[in-house]
Amino acid sequence: YALQGSRWRVKQLTYSITKYPSALKTADVDRELAKAFQVWEDVTELTFVHLRTGKVHIEIRFESGEHGDGDAFDGTGGTLAHAYFPIYGGDAHFDESETWTINSYKGTNLFQVAAHEFGHSLGLSHSDVRSALMAPFYRGYEPNFKLDNDDVVAIQQLYGKSGNVATTTETSSRPLPPGRATTPRVSFDDGSNGRGNAELCGSEGKIDTMFTGPDNKAYVFKGEKYWKLEAEAVAPGYPRSIRADWEGLPGNIDAAFTWTNGRTYFFKGSRYWRYTNFELDADYPKDLSEGFAGVPSNIDTALVWSGNGKIYFFKGSQYWRFDPQQKPPIKSTYPKDISNWEGLPNSLDAAFQFTNGYSYFFKNGQYWRFNDRSFKVDEGQPGYPRPAGKWWFGCDEVNFKTRPGGSKLFVDRPHAND
Amino acid sequence: HVDAAPVSTDTQAMMYLARFGYLDPALQNPSSGALISGDSVRRAIIDFQSFAGLNQTGILDPETSTWMSKPRCGVRDRVGAGSSARRKR
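Protein chains in written order, with our numbering: chain A, 24 to 441; chain B, 10 to 98.
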């Protein structure tokens with residue numbers, strides 16, 4: 024392996040895709056690129072956060088021919104993509120003329136090329152180990168892709184080892200919280216389906232809060248318990264006890280979010296708690312007036328909105344926008360009515376920005392996805408709201424569920440997250 | 010895959026070697042009239058062959074041409090410093 028000579032000084036990096044390829048769906052591109060970042064996240068202490076707007080560390084674009092950096096693309100084949108080392112900004116450009124594909128032997132595999140380019144974005148040069156991801160030549164689609172040990176050693180030279188993974192990527196998920204693996208934890212056996220998700224299923228699946236942690240995983244808090252989410256269900260071994268794993272944090276949390284500085288904030292009543300890498304920071308909890316002046320007590324939920332990267336607090340039928348870079352952080356024009364968020368209900372249970380860059384809102388076991396461009400709840404098939412248990416928590420929903428109003432809602436077999 | 014720029018001639022090979030850091034980047038522009046010794050080209054080809062895991066003959070043989078024609082990343086294999094380093098405009 025070869026290190027270029029520069030690296031990022033922070034462990035949490037943000038990225039945005041400012042120009043998508045024309046031949047793939049946006050959501051598919053989001054997912055494949057997130058997977059590509061995950062390759063590096065799995066073996067280091069790095070985390071990657073996808074933002075839709077605002078300033079980011081790594082900007083990703085699909086371009087054709089000359090595209091402004093003096094390194095023109097050459098049409099189909101030849102050069103597929105290039106990326107800049109950290110000292111030059113870390114941006115990654117992909118040749119729009121390529122036939123980018125997903126899980127296919129045809130065309131050029133987007134995930135593999137992206138994982139390679141992001142290696143450059145993190146400071147790796149090309150390797151002369153032919154089996155390494157950082158070898159310069161495209162090898163064709165590899166359905167069982169694994170990072171070569173050469174790549175692992177290289178990236179860990181720059182960013183250290185992941186808390187629980189030594190020199191392999193075969194482990195796809197990490198126990199939580201990182202760095203506290205030896206801490207005794209209390210887990211619960213709810214005796215239902217063995218997945219520990221019974222309390223999150225059905226119309227009774229009302230949750231307290233949901234957020235994306237600094238490890239880029241989604242977490243659900245409800246009562247005294249919390250769950251980590253994996254691709255299609257809750258992670259094995261969950262729920263766990265909030266009090267046992269999150270030092271100083273009470274149950275029945277109102278809201279939570281992870282800010283761009285990688286710190287996670289929890290809100291309950293008139294106080295808030297701040298955690299860095301799952302460890303409670305000194306002098307917390309604090310009163311809302313000390314850090315979030317203008318935010319009311321007993322909020323319903325909060326999120327860092329994918330539309331502009333600012334913090335929004337919701338309570339009842341109103342919301343407040345909080346911008347830490349402004350003084351005061353909340354303008355005098357707030358609160359405003361939630362009805363401005365077309366399609367969202369009042370009195371939300373939870374809201375959060377998922378790793379795919381979308382913002383999701385939850386209430387009474389249902390959820391809504393918000394379209395940041397049209398500024399209203401997204402359309403979809405099936406439409407929103409959807410049952411959160413099926414789409415997020417891996418619940419084995421019955422084929423027919425009764426809505427509170429008495430009508431029947433058909434529910435497909437669960438198969439994947441949104 | 011379609012090879013956008015198949016490498017089969019000496020000139021194409023030199024441009025490839027220059028583009029990816031094995032030869033002076035000035036050679037990437039054929040109109041520059043730069044002269045280069047055969048020994049330098051041989052060393053550059055050996056360097057590439059070593060990097061690609063090929064037999065190190067120093068000759069632009071069919072296998073070397075094949076590997077130079079493969080789809081690949083556009084970042085240089087040999088990343089220099091100073092004026093030859095990649096710069097973001």
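All C-beta atoms in this analysis are idealised placements derived from N, C-alpha and C, irrespective of residue type, glycine included.
query                                                                                                                        : result
Run of the alpha helix (DSSP H) containing A:Asn-172, from where it starts to where it stops                                 : 172-182
Contact with chain A by B:Pro-71, beta-carbon distance below 8 Å                                                             : no
Interface residues of chain B facing A:Phe-290 [CB-CB closer than 9 Å]                                                       : Simply none; closest approach about 40 Å.
C-alpha gap between A:Pro-308 and B:Pro-80, whole angstroms                                                                  : 55 Å
Below-8 Å beta-carbon distance, B:Asp-86 vs any chain A residue                                                              : yes
Proximal chain B residues relative to A:Ala-104, where beta-carbon distance stays under 7 Å                                  : Cys-82, Gly-83
Selection from A:Glu-86, A:Tyr-24, A:Trp-343 that minimises the alpha carbon distance to A:Pro-159                           : A:Tyr-24
Runs of beta strand (DSSP E) lying entirely within the stretch 24-55 of chain A, each at least 3 residues, in chain order    : 35-42
Close beta carbons around A:Ile-9, own chain, < 7 Å, minus the five adjacent residues each side                              : Residue 9 of chain A lies beyond the range of chain A shown here (24 to 441); nothing can be said about it.
Beta-carbon proximity of A:Glu-119 to A:Ser-87, cut-off 8 Å                                                                  : yes
Start-end ranges of the beta strand (DSSP E) lying completely within the stretch 298-337 of chain A, minimum 3 residues      : 324-327
Supposed contact pair A:Ala-57 and A:His-8 - C-beta distance, whole angstroms, cut 8 Å                                       : Residue numbering for chain A in the displayed model covers 24 to 441; residue 8 of chain A lies beyond these limits and cannot be assessed.
Close Cβ partners of A:Asp-360 (< 7 Å) along its chain, the five nearest in sequence each way excluded                       : Ser-340, Gln-341
Under 7 Å from the C-beta of A:Ser-39: neighbouring residues of chain B                                                      : Ordered by position in chain B, no residue passes the 7 Å Cβ test against A:Ser-39, which lies about 16 Å from the chain.
B:Ile-55 and B:Gly-47 closer than 8 Å at C-beta                                                                              : no
Contact set between the stretch 85-101 of chain A and chain B, restricted to residues whose Cβ is under 8 Å from the partner : Gly-91, Asp-92, Gly-93, Asp-94, Phe-96, Asp-97, Gly-98, Thr-99, Gly-100, Gly-101
Residue environment, A:Thr-102, which counts as buried when at least 16 other CB atoms sit within 10 Å                       : buried
Contact check, A:Gly-317 vs A:Pro-351, beta carbons under 8 Å                                                                : yes
Sequence-distant residues of the same chain with beta carbon closer than 6 Å to B:Leu-32, five excluded per side             : Leu-26, Ala-53
Nearest-angstrom Cα separation, counted from A:Glu-313 out to A:Asp-372                                                      : 25 Å
Residues that A:Met-252 bridges to, as DSSP identifies them                                                                  : Residue identity differs from the one stated: residue 252 of chain A is Leu in this sequence, not Met. A:Val-257.
Buried/exposed call for B:Gly-30, threshold 16 Cβ in 10 Å                                                                    : buried
CA-to-CA distance, A:Gly-366 to A:Trp-31, given in whole angstroms                                                           : 40 Å
Cα-Cα separation, A:Ala-115 to A:Gln-61                                                                                      : 16 Å
Coarse secondary structure for A:Phe-117, derived from DSSP in three states                                                  : strand
Per-residue burial, A:Asn-220 [other beta carbons within 10 Å of its own, 16 or more giving buried]                          : buried
Option nearest A:Thr-356 by Cα separation, candidates A:Trp-343, A:Val-52, A:Pro-368, A:Asn-363                              : A:Trp-343
Whole runs of the beta strand (DSSP E) within the stretch 24-84 of chain B, excluding any shorter than 3 residues            : none
Which listed residue (A:Lys-78, A:Met-233, A:Tyr-164, A:Lys-251) has its alpha carbon closest to that of A:Leu-132           : Before going further, note that residue 132 of chain A is Asn rather than Leu in the sequence given. For the residues A:Lys-78, A:Met-233, A:Tyr-164, A:Lys-251, the minimum Cα distance to A:Asn-132 belongs to A:Tyr-164.
Where A:His-80 falls: helix, strand or coil (DSSP)                                                                           : coil
Where A:Leu-223 falls: helix, strand or coil (DSSP)                                                                          : helix
Assigned exposure category for A:Tyr-128 - 16 Cβ within 10 Å defines buried                                                  : exposed
Cross-strand partners of A:Met-157 (DSSP beta bridge)                                                                        : Per DSSP, none; premise fails for A:Met-157.
Near-chain A residues of the stretch 55-69 of chain B (beta-carbon distance less than 9 Å), N- to C-terminal order           : Ser-59, Phe-60, Ala-61, Gly-62
Beta-carbon neighbours of A:Tyr-164, restricted to chain B and to distances below 7 Å                                        : Per Cβ cutoff of 7 Å: no residues; A:Tyr-164 is ~11 Å from chain B at best.
Simplified DSSP assignment, three categories, for A:Ser-127                                                                  : coil
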